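Numbering (the UniProt record's numbering), first residue to last: 1 to 389.
Pasting the structure below:
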């Protein structure tokens with residue numbers, strides 16, 4: 001048993017280890033939401049409010065959490081969601097999470113703002129390499145990134161559609177963790193209060209050539225984490241026409257992430273998407289959005305099996321995964337769980353976070369009385385706790 005395994009027996013304890021190790025500015029970047037910070041807790045509370053209905057006296061001795069997702073069999077119904085700043089949590093943190101995902105047989109989603117090259121992540125993410133995209137006003141530059149991802153073997157393209165402009169994350173700006181990072185007195189003060197983190201991450205980068213940079217941006221966009229970056233998180237002009245263009249260009253599977261409207265899900269079907277990720281960006285974009293779990297059923301029903309529905313936002317326990325699958329999701333994207341794990345213990349910590357969720361999924365399956373995840377349906381949810389489901 002590793003040290004991280006002895007110290008963290010659930011994701012909440014992993015979260016506490018990460019919080020104690022990281023500078024406040026970086027901790028708030030991964031942990032907090034936007035505006036009044038309400039939606040993150042609403043996401044978690046909405047999942048907690050759903051109750052599963054255990055069925056007893058069933059032989060559950062042959063349990064398997066295996067699924068088939070986009071033609072690939074995998075042992076868990078999980079995908080690592082696209083998350084930024086991993087390389088500031090741990091030295092080469094992106095590689096650490098990608099390698100942890102591969103070791104458990106699940107896909108890893110690389111971000112547009114990744115500080116690791118497509119080629120390097122491809123060597124780590126051997127159980128599935130997905131690529132997340134924002135689109136810039138210069139679409140030609142965006143297509144260049146898409147083409148580079150394809151050339152390096154990315155199998156699934158995830159277009160994030162819920163960020164037409166940069167969200168109101170005032171605390172990040174105050175701390176200097178905006179877009180781009182701005183070195184200020186607050187940020188420096190936060191860093192020096194965590195000398196062990198600074199020595200093992202920032203100092204180590206400088207010993208090996210300097211801070212990580214955005215590895216896959218075209219030169220016209222810029223590559224530094226600090227200073228001026230000539231782009232926004234997403235162009236405000238992105239529309240369904242861009243989905244059509246991506247569908248023409250991208251030969252692999254195409255997922256749109258950030259859908260909360262059943263009508264948008266129906267429209268997506270007409271534009272040839274393979275997957276729809278029901279997500280409110282983990283509560284990080286628009287505080288007035290609904291909890292993602294509250295709209296999942298409507299979107300599953302609207303899609304009617306014509307596309308793969310994924311779920312994201314608020315997952316803290318394996319039972320949360322089982323709830324989403326009972327409603328009709330095929331798999332669940334996890335982000336903060338492996339960020340906490342990486343921050344607490346690098347690749348071993350990220351692996352432990354996945355293992356914790358895997359064990360909780362297995363226990364939940366036994367408790368509700370199923371051997372396979374495709375046995376789950378809404379009859380395993382208590383009706384009074386899932387209004388609208």
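Cβ coordinates follow ideal geometry from the N, Cα and C atoms, glycine included.
Bear in mind that the values here come from a model prediction, so they are computed numbers and not experimental data.
Local Cβ density within 10 Å of residue i, reported as buried at 16 or more and exposed below that
i: residue 73; result: exposed
i: residue 353; result: buried
i: residue 390; result: What the structure shows of the chain is the stretch from 1 to 389, and residue 390 is not part of that stretch, so it cannot be assessed.
i: residue 107; result: buried
i: residue 134; result: buried
i: residue 381; result: buried
i: residue 281; result: buried
i: residue 68; result: exposed
i: residue 165; result: exposed
i: residue 194; result: buried
i: residue 183; result: exposed
i: residue 64; result: exposed
i: residue 170; result: exposed
i: residue 4; result: buried
i: residue 244; result: exposed
i: residue 289; result: buried
i: residue 71; result: exposed
Close-in-space but distant-in-sequence residues of the same chain around residue i (CB under 8 angstroms, 5 per side omitted)
i: residue 154; result: 110, 118, 122, 129, 130, 131 and 252
i: residue 338; result: 80, 83, 97, 100, 101, 350, 353 and 354
i: residue 147; result: 249
i: residue 301; result: 262 and 328
Beta-carbon proximity check, residue i vs residue j, cutoff 7 angstroms
i: residue 265; j: residue 256; result: no
i: residue 23; j: residue 191; result: yes
i: residue 211; j: residue 217; result: no
i: residue 364; j: residue 322; result: yes
i: residue 325; j: residue 373; result: yes
i: residue 316; j: residue 30; result: no
i: residue 187; j: residue 25; result: yes
Rounded C-alpha distance that separates residue i from residue j
i: residue 140; j: residue 77; result: 35 angstroms
i: residue 137; j: residue 42; result: 33 angstroms
i: residue 19; j: residue 27; result: 6 angstroms
i: residue 377; j: residue 126; result: 31 angstroms
i: residue 272; j: residue 278; result: 17 angstroms
i: residue 360; j: residue 220; result: 46 angstroms
i: residue 425; j: residue 246; result: In the structure as shown, the chain starts at 1 and stops at 389, and residue 425 therefore has no counterpart that could be examined.
i: residue 50; j: residue 208; result: 48 angstroms
i: residue 241; j: residue 262; result: 19 angstroms
i: residue 21; j: residue 248; result: 45 angstroms
i: residue 6; j: residue 344; result: 12 angstroms
i: residue 161; j: residue 238; result: 8 angstroms
i: residue 391; j: residue 299; result: Summary: the structure shown does not reach residue 391, with the chain confined to residues 1 through 389, and so no result is reported for it.
i: residue 276; j: residue 328; result: 12 angstroms
i: residue 254; j: residue 112; result: 15 angstroms
i: residue 231; j: residue 159; result: Residue placement at residue 231 cannot be trusted, given a pLDDT of 47 that sits under 50; what the coordinates show is reported in the next sentence. Roughly 16 angstroms separates the two Cα atoms.
i: residue 274; j: residue 308; result: 6 angstroms
Cutoff 6 angstroms; reference residue i; Cβ partners in own chain excluding five residues on either side
i: residue 40; result: 33 and 283
i: residue 250; result: 157
i: residue 75; result: 66 and 105
i: residue 292; result: 278, 279, 280 and 313
i: residue 142; result: 135 and 136
i: residue 54; result: 367 and 368
i: residue 306; result: 269
i: residue 16; result: none
Spatial neighbours of residue i in its chain, beta-carbon cut-off 7 angstroms, leaving aside the 5 residues before and after
i: residue 342; result: 86, 89, 90, 93, 96, 97, 349 and 350
i: residue 331; result: 67, 69, 77, 78, 79 and 310
i: residue 56; result: 369
i: residue 36; result: 287
i: residue 120; result: 95
Can you confirm whether the segment 365-380 touches the segment 52-61 when touching is taken to mean that 3 or more C-beta pairs between the two stretches lie within less than 8 angstroms? As far as the Cβ criterion goes, the segment 52-61 touches the segment 365-380, which means the pair count is three or higher.
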